[in-house]
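Asker: Below is a structure I'd like to ask you about.
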Amino acid sequence: RRTCLPMPEYQTISLIRSQVAAFWFRIRNSKNGILGVCSEYPENPIVKSWLAVRRKP
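Written as structure tokens, this is what we have:
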């Protein structure tokens, strides 16, 4: 049985960074053309709208 212990902040940050890197790797290597364009041009309006949805007010 595993217990949930709080992780130190540096481990949390490194975990988030690795997840974000894996996310972008999957998008860049996707066969989906729209995702490929979005990963190449972060100033794209589609990407901006996706980021706006994920932000807290």
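In the numbering used here, the protein residues as written are 5 to 61.
Using N, Cα and C, we set each Cβ at its ideal position, and we do this for glycine too.
For clarity, every value in this text was computed on a predicted model and none was experimentally measured.
With Tyr-14 as the anchor, note down where its alpha helix (DSSP H) starts and where it stops.
Answerer: Here the alpha helix (DSSP H) through Tyr-14 covers 13–32.
Asker: Can you tell me whether Lys-52 is helix, strand or coil according to DSSP?
Answerer: Helix at Lys-52.
Asker: Is Glu-44 helix, strand or coil by DSSP?
Answerer: Three-state result, Glu-44: helix.
Asker: In whole angstroms, what separates the C-alpha of Trp-54 from that of Gln-23?
Answerer: Spanning the two alpha carbons is a distance of roughly 17 Å.
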